[in-house]
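So the sequences go chain by chain: W and P. So for the first sequence, the UniProt record's numbering puts the first residue at 1; every next one is plus one. So for the second sequence, the UniProt record's numbering puts the first residue at 1; every next one is plus one. Using N, Cα and C, we set each Cβ at its ideal position, and we do this for glycine too.
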Amino acid sequence: MAPKNRKTANGGASPSPSTLEEKSPAKFAQVDGGDGVASDSGTTHSGLDLTPSTSARDEVKVNNSSATDMKHACDDALKRFLARPDLFKQIHTHTDVRLALGWASVLVSLGTGLYGYKVEFEKSKPVVWAGLILYIILTVAQALYAYFIEGDIVFVGKRKTFDKRIVTERITVSSKTIPSTPSAPCPSYALSLSYVRSASGGKTLLGKGRSGAERPYNSFFDPQGVMDQEAFERWVGSVVGRVIEGPSE
Amino acid sequence: MFGDELKALRRLGFRHVLLQILNFASVLASGLMIWKGLGLITNTESPIVVCYHSGSMEPAFYRGDLLFLTNPPNQRYEIGDITVYKVPGADIPIVHRVLETRDLVPLAQEQLLLTKGDNNHIDDIELYQGLEWLERKHIIGKVRGFLPYVGYVTIAMNDFPQFKYALLGGLGLLALIQRE
Chain W
1 MAPKNRKTAN GGASPSPSTL EEKSPAKFAQ VDGGDGVASD SGTTHSGLDL
51 TPSTSARDEV KVNNSSATDM KHACDDALKR FLARPDLFKQ IHTHTDVRLA
101 LGWASVLVSL GTGLYGYKVE FEKSKPVVWA GLILYIILTV AQALYAYFIE
151 GDIVFVGKRK TFDKRIVTER ITVSSKTIPS TPSAPCPSYA LSLSYVRSAS
201 GGKTLLGKGR SGAERPYNSF FDPQGVMDQE AFERWVGSVV GRVIEGPSE
Chain P
1 MFGDELKALR RLGFRHVLLQ ILNFASVLAS GLMIWKGLGL ITNTESPIVV
51 CYHSGSMEPA FYRGDLLFLT NPPNQRYEIG DITVYKVPGA DIPIVHRVLE
101 TRDLVPLAQE QLLLTKGDNN HIDDIELYQG LEWLERKHII GKVRGFLPYV
151 GYVTIAMNDF PQFKYALLGG LGLLALIQRE
């Protein structure tokens with residue numbers, strides 16, 4: 001019940017992170033130390049309310065036998081959870097780059113096709129060659145970006161808080177499915193997070209953290225395929241809390 | 001019927017919808033580019049054609065056969081090559097065999113050809129719309145290989161356009177709903 005007490009003791013239901021932090025300035029002073037707060041409920045860390053949301057949700061039902069479907073459902077639930085207004089603000093750079101490269105290649109191919117249709121074959125050859133080479137470059141660039149730079153990342157979030165100075169937190173979450181083995185017959189969802197906290201525009205490093213966790217899919221999906229979103233969010237909340245409070249360099 | 005999928009799309013947001021449409025569009029785009037690339041490599045505007053009206057080339061080709069063409073720019077066409085040509089003024093390409101060739105100028109690009117279908121009794125002079133010889137620029141390509149029966153899908157889609165739209169619509173719906 002600790003988080004609820006903190007909120008009301010603040011003199012109102014003000015959810016802004018800055019007022020929450022004023023209550024416990026000691027936390028930020030010991031940012032490079034160990035865990036400065038004995039988090040009893042383990043759900044609120046440095047002013048972040050990582051409890052599962054209480055608002056009504058749509059039921060999520062997926063095909064139980066498809067690990068891809070279950071992974072997508074978990075990824076979507078994770079994005080919904082972490083992109084809440086009081087948690088992180090999602091950075092869409094990876095998606096935007098993929099969209100830009102992809103749509104550019106589609107437009108190039110449409111243009112080339114239209115040109116080849118309108119202009120007679122022999123005359124159109126140089127332009128069609130140019131279009132084809134441009135299309136190949138864009139497609140290869142998109143594939144390389146998705147494989148090397150984006151990789152397994154599903155969520156990148158940022159958060160700015162104000163406490164004597166502007167503190168920026170950045171969290172990167174990647175996930176993958178660990179296939180089932182004879183000893184672990186249910187495939188697992190492996191989450192890995194990387195967290196950076198810095199001040200004054202990224203020049204001062206206040207804290208860094210990395211953590212990972214995995215759970216078999218059957219802890220979140222029942223035999224009908226309905227997802228227990230609250231249990232999932234609780235687990236994600238605990239992993240995020242661990243990386244935020246964890247040993248920082 | 002699609003209530004669940006529409007709800008999921010709305011929940012996932014605008015970028016996700018753009019990504020799904022991109023998946024579908026990029027499949028079409030890559031198909032188009034492969035076609036264009038193949039045309040550039042084989043030097044013909046239509047590297048794969050379907051034998052639509054057969055009869056004139058039986059027993060070599062029947063209706064529904066898929067033909068693979070190339071058009072090497074500096075090679076002479078020999079007697080016996082099977083060519084696909086389009087006479088200016090007619091819009092259907094014709095698949096017939098070369099009967100005679102003439103080189104007024106010793107340049108492969110200036111070759112003149114006379115064709116005839118294997119199963120026809122007379123040569124193609126009547127189809128040339130006034131010309132006496134076919135010029136290289138009328139030739140789309142010569143047949144290098146073929147696959148029997150595969151072209152019937154294209155013929156079906158041309159004769160029954162509803163089939164074509166239904167197929168395209170079904171593929172589009174599938175691409176929008178599925179996630180890779």
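Check, Outcome
"Please check if any C-beta of chain P sits within less than 8 Å of the C-beta of Q30 of chain W.", "Confidence is the limiting factor: at Q30 of chain W the pLDDT is only 36, short of 50, which leaves the residue's position unreliable and the question unanswerable from this model."
"When you compare the CB positions of V84 of chain P and Q129 of chain P, do they come within less than 8 Å of one another, or not?", "no"
"Helix or strand or just coil, what does DSSP make of residue 251 of chain W?", "Since the displayed chain W opens at 1 and closes at 249, residue 251 of chain W lies outside it and no answer follows."
"Applying the 10 Å Cβ sphere with the 16-neighbour rule, what's the burial state of P47 of chain P?", "buried"
"Can you say whether F232 of chain W is buried or exposed, counting buried as having 16 or more other CB atoms within 10 angstroms of its CB?", "buried"
"Measuring only between beta-carbons, confirm whether A29 of chain P sits less than 8 Å from chain W.", "yes"
"Going by Cα to Cα distance, which pick from P:D4, P:Q109, P:R102, P:H96 is closest to T115 of chain P?", "P:H96"
"On the criterion of 16 or more Cβ atoms from any shown chain inside 10 Å, does N71 of chain P qualify as buried, or is it exposed?", "buried"
"Got a sec: is the Cβ-Cβ distance from Y135 of chain W to anything in chain P below 8 Å?", "yes"
"Taking G113 of chain W as the reference, which of P:L32, P:L104, P:I21 has the closest Cα?", "P:L32"
"Have a look at L73 of chain P and T44 of chain P and give me their C-alpha separation to the nearest angstrom.", "Checking the sequence, you will find Pro at residue 73 of chain P rather than Leu. About 9 Å."
"Under 8 Å Cβ-Cβ, which residues of chain W neighbour G37 of chain P?", "L132"
"Residue range of the beta strand (DSSP E) that V84 of chain P falls in?", "82-85"
"Mind pulling the chain W residues with CB within less than 9 Å of R15 of chain P?", "H92, T95, D96, L99"
"Determine the chain W residues that contact L22 of chain P at a beta-carbon separation under 9 Å, and present them in chain order.", "R98, L99, G102, W103, V106"
"Here's the rule: buried if 16 or more other CB atoms are within 10 angstroms of the residue's CB, otherwise exposed. What is F28 of chain W?", "At F28 of chain W the pLDDT is 38, less than 50, meaning the model places this residue with poor confidence; the figure from the coordinates comes in the next sentence. Buried, since its Cβ has 16 or more Cβ neighbours within 10 Å."
"Mind checking if A108 of chain P is an interface residue toward chain W, Cβ cutoff 8 Å exclusive?", "no"
"What are the boundary residues of the beta strand (DSSP E) that includes Y52 of chain P?", "Looking at the DSSP string, Y52 of chain P is not in any beta strand (DSSP E), and its letter there is neither H nor E."
"Within 10 angstroms of the Cβ of Q178 of chain P, are there 16 or more other Cβ atoms? Answer buried if so, exposed if not.", "exposed"
"Could you name the residues of chain P that F121 of chain W contacts, counting a contact when the two beta carbons are closer than 7 Å?", "E45"
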